[in-house]
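Here is the structure we will look at, set down as structure tokens.
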Amino acid sequence: MTRPAPLFDRILVANRGEIAVRVLRGIRELGTTAIAVCSEADRDALHVRTADEVHVLGPAEPSQSYLAIDKILDAARRSRAQAIHPGYGFLSENPAFARACTEEGFVFIGPTADQMEALGSKRHAKELAQAAGVPCVPGFDGKDEGGDNADEATFVREAARIGFPLLVKASAGGGGRGMRLVHAEKDFVEALRAGQREALQAFGDDSVLLERYVHPARHIEVQIFGDGEHAIALGERECSVQRRHQKVLEESPSPVVDDALRHRLEEAAVALARHVGYRNAGTVEFLVGPDLEFYFLEVNTRLQVEHPVTELVTGLDLVHLQIAIAAGRDLASLVPGHRVLRGHAIEARICAEDAEHGFLPATGPLTICQWPDGPGIRVDTGFDRGSFVSPHYDSMIAKLIVTAPNRAMCLMRLEQALRDTALLGVTTNVDFLRRVATHPAFVSGDLRTDFLDVHPECIVHESAPADALCAAALATVFARSGQTNTSSGGTNGPPSPWDMADAFRIGGAR
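Structure follows, in structure tokens:
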């Protein structure tokens with residue numbers, strides 16, 4: 003079989019971790035040279051070992067490596083890259099980076115800088131959504147008649163008009179920063195000021211807006227692709243289970259979306275994409291109320307963390323699709339006109355964090371790293387045995403994705419896959435994920451954005467019995483028996499954790 007000519011000869015991936023590994027592998031599958039960048043702390047990382055070529059950016063701090071636009075562009079020049087894929091996070095939604103890539107002669111694999119600017123502002127994105135006829139949550143954009151930030155008295159007046167409860171939200175960013183839920187008028191001014199302070203600290207902009215609080219609500223998003231003239235939707239993803247506004251488990255299709263609602267959601271997402279002439283991959287996020295009415299939330303102008311669930315139910319490779327569109331191919335030649343979602347897929351985000359102690363991030367080496375395998379199981383990760391979980395970067399270690407013909411089988415497969423996941427050396431959220439995935443409310447599809455508030459038993463559970471902890475400790479010792487023993491007595495005796503120069507602790511490393 004003859005492989006078609008590659009769309010690009012050389013592509014640089016401006017990221018790290020699991021998304022860098024996933025994109026680099028996708029690039030190599032196309033017969034294109036895959037170029038990685040890394041910080042000094044990531045010299046031995048899995049994404050570096052996955053690439054055909056690597057360029058070191060600088061120190062571990064993101065501002066001196068993965069967020070340093072000039073260093074990334076210099077690496078692209080030195081590597082003779084033709085295109086740059088930003089992954090997600092870091093510079094992926096930074097219009098200055100997208101614009102700089104284009105001005106330097108590199109193809110940016112993503113939307114245009116202008117589209118990022120327009121859709122990156124919640125206020126402007128909502129205006130565009132309204133212009134495209136997309137339903138929006140009632141609220142206040144935070145501006146006065148002259149277009150400047152409204153004064154406090156105006157905010158108080160508008161809050162009374164909207165009614166309580168309501169949300170104070172930062173206009174310039176996401177991830178829950180600058181967001182405050184206000185239940186009563188007496189708490190509004192304090193919450194407004196706190197939201198403005200946090201927005202300024204996080205985004206350099208204290209602009210906030212107000213929105214009616216839809217409750218209980220589901221977070222359902224639609225995957226879109228555009229080529230500048232045409233746009234398509236590739237089904238929905240249910241992302242309602244969250245902690246601190248960060249997604250925990252995602253799935254496609256949603257348990258509550260039937261064909262009629264899917265058509266309406268996709269129609270709204272495509273209308274917005276066409277309205278702005280959207281290019282490449284994006285996600286339109288919606289809040290869905292208990293009456294199944296939906297409201298525009300925001301647009302993510304990049305590939306999402308949870309894109310694998312869409313790949314598994316559509317049969318499409320979204321990274322390949324991104325690259326093809328960036329190379330100038332049109333959607334009609336890439337995606338069949340009639341698309342049907344097949345089966346079910348669920349993704350669990352495995353993170354180095356202690357769910358029972360406020361999701362405190364954990365760092366250190368992964369002394370044991372065993373991923374599940376078998377039919378319908380996919381693991382996207384940037385870590386393997388011996389990898390170091392750094393305090394400088396996001397705590398996510400991997401994404402465990404399972405697929406099956408239906409949701410019930412998918413849930414059974416997910417539970418077993420989580421049981422078959424063995425990670426030692428750092429505390430992880432694997433047990434927490436299993437508690438969520440097996441909770442009766444999750445199994446029944448009764449999902450909502452405050453799921454963990456309503457079901458706190460998913461977070462905290464009774465401590466493991468002492469004999470289980472001892473068994474785990476012994477398993478760790480014998481698994482490490484091939485490591486160098488540092489005691490003066492040599493290596494002839496039975497292995498002991500006290501003889502090893504590592505961070506071993508009874509009960510688990512912290």
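Residue numbers (the numbering used here): 3 to 512.
By construction, the Cβ of each residue, glycine as well, lies at the ideal position given by its N, Cα and C atoms.
None of these values were measured; they are calculated from a predicted model.
Check your understanding: For A233, does the three-state DSSP call read helix, strand or coil?
Key -> Sequence index remark: in the sequence shown, residue 233 carries index 231 (1-based). Reduced to three states, the DSSP call for A233 is strand.
Exercise for review: Quick one: residues in its chain with C-beta nearer than 6 Å to the C-beta of S194, no 5 flanking neighbours on either side, listed in chain order?
Suggested key: Here residue 194 refers to the residue found at position 192 when the sequence shown is read from its first residue. Note on identity: in this sequence residue 194 is Leu, with Ser being the wrong assignment. The beta carbon of L194 sits closer than 6 Å to the beta carbons of F157, V170 from its chain, once the five residues preceding and following it are set aside; these are given in chain order.
Point to revise | Same chain only: Cβ atoms within 7 Å of H322, ignoring 5 sequence neighbours per side | key: For the purposes of this step, residue 322 is taken as residue 320 along the sequence shown, with counting starting at 1. G28, L32.
Practice item. Keeping to the same chain, check which residues put their C-beta closer than 6 Å to that of I327; ignore five residues upstream and five downstream. Key: On the sequence shown, residue 327 is found 325 positions in, with the first residue counted as 1. Hits under 6 Å: D229, N282.
Review point. When the Cα atoms are used, what is the spatial distance from F92 to I352?
Key: Working through the sequence shown from its first residue, we reach residue 92 at position 90. Working through the sequence shown from its first residue, we reach residue 352 at position 350. Each residue's CA atom was taken as its position, placing F92 and I352 some 19 Å apart.
**Study point:** Three-state class that DSSP yields for T303 in the structure shown
**Key:** The count along the sequence shown starts at 1 and reaches residue 303 at position 301. In the structure shown, T303 sits in coil (DSSP, three-state: anything other than H, G, I, E or B).
**Study point:** Touching by the beta-carbon criterion (3+ pairs, under 8 Å), the stretch 12-19 and the stretch 77-90
**Key:** As far as the Cβ criterion goes, the stretch 12-19 touches the stretch 77-90, which means the pair count is three or higher.
Review point. Just how far apart, CA to CA, sit G514 and P61?
Key: Here the chain has residues from 3 to 512 only, and residue 514 is not among them.
Review point. On the premise that T430 lies in contact with I399, defined as a C-beta separation below 8 Å, what is that separation, rounded to the nearest angstrom?
Key: The residue given as residue 399 occupies position 397 in the sequence shown. The residue given as residue 430 occupies position 428 in the sequence shown. Indeed, because the Cβ distance is near 7 Å, the residues count as touching under 8 Å.
Practice item. Could you tell me whether the stretch 339-346 touches the stretch 307-320, using the rule of 3 or more Cβ pairs below 8 Å? Key: Because the criterion of three Cβ pairs below 8 Å is met, the stretch 339-346 and the stretch 307-320 touch.
Review point. Which one or two residues does DSSP pair with F142 in a beta bridge?
Key: Your numbering for residue 142 matches position 140 in the sequence shown. DSSP output for F142 lists L212 as bridge partner(s).
Practice item. For R163, count neighbouring C-beta atoms within 10 Å of its own C-beta (all shown protein chains included) and say buried if the count is 16 or more, exposed if not. Key: Here residue 163 corresponds to residue number 161 of the sequence shown, with the count starting at 1. It counts as exposed.
Check your understanding: Does DSSP put E147 in a helix, in a strand, or in coil?
Key -> Within the sequence shown, numbered from 1, the residue matching residue 147 stands at position 145. E147 sits in coil when the DSSP states are folded into three classes, being neither helix nor strand.
Review point. Under 8 Å, do V210 and A172 count as touching if we go by C-beta distance?
Key: For the purposes of this step, residue 210 is taken as residue 208 along the sequence shown, with counting starting at 1. For the purposes of this step, residue 172 is taken as residue 170 along the sequence shown, with counting starting at 1. Here V210 is near A172, since their CB atoms are less than 8 Å apart.
Review point. Nearest-angstrom Cα distance between G19 and F385?
Key: As a working mapping, residue 19 is identified with position 17 in the sequence shown. As a working mapping, residue 385 is identified with position 383 in the sequence shown. Roughly 7 Å between the two C-alpha positions.
Check your understanding: By DSSP, does P407 sit in helix, in strand, or in coil?
Key -> In the sequence shown, counting from the first residue as 1, residue 407 sits at position 405. When secondary structure is reduced to three states using DSSP, P407 falls in the coil class, being assigned neither helix nor strand.
Practice item. Measure the CB-CB distance between A53 and A43 and report whether it falls below 8 Å. Key: Along the sequence shown, one-based indexing puts residue 53 at 51. Along the sequence shown, one-based indexing puts residue 43 at 41. Result no, Cβ atoms of A53 and A43 do not sit closer than 8 Å.
**Study point:** Proximity of V23 and L48 at Cβ, strictly below 8 Å
**Key:** By one-based count along the sequence shown, residue 23 stands at place 21. By one-based count along the sequence shown, residue 48 stands at place 46. Yes, they are a contact pair.
Review point. For V259, which residues from the same chain have a beta carbon less than 8 Å from its beta carbon, with the 5 sequence-adjacent residues on both sides left out?
Key: The residue labelled residue 259 in the question sits at position 257 within the sequence shown. Excluding the 5 residues flanking it on each side, V259 has same chain C-beta neighbours closer than 8 Å at I222, E238, E240, L267, in chain order.
Review point. Per DSSP, which one or two residues make a beta bridge with V58?
Key: In the sequence shown, residue 58 corresponds to position 56, counting from 1. Partner(s): C40.
Review point. Does the distance from the CB of R304 to the CB of P88 come in under 8 Å?
Key: Your numbering for residue 304 matches position 302 in the sequence shown. Your numbering for residue 88 matches position 86 in the sequence shown. Yes.
Review point. What did DSSP end up calling F157 once you bin it into helix, strand or coil?
Key: Taking the sequence shown and counting its residues from 1, one reaches residue 157 at position 155. In the structure shown, F157 sits in a helix (DSSP, three-state: H, G or I).
Point to revise | Cβ-based burial, H185 [other Cβ within 10 Å; buried from 16] | key: Locating residue 185 in the sequence shown gives position 183, where the first residue counts as 1. By the neighbour-count criterion, in which a residue is buried when 16 or more other Cβ atoms sit within 10 angstroms of its Cβ, H185 is exposed.
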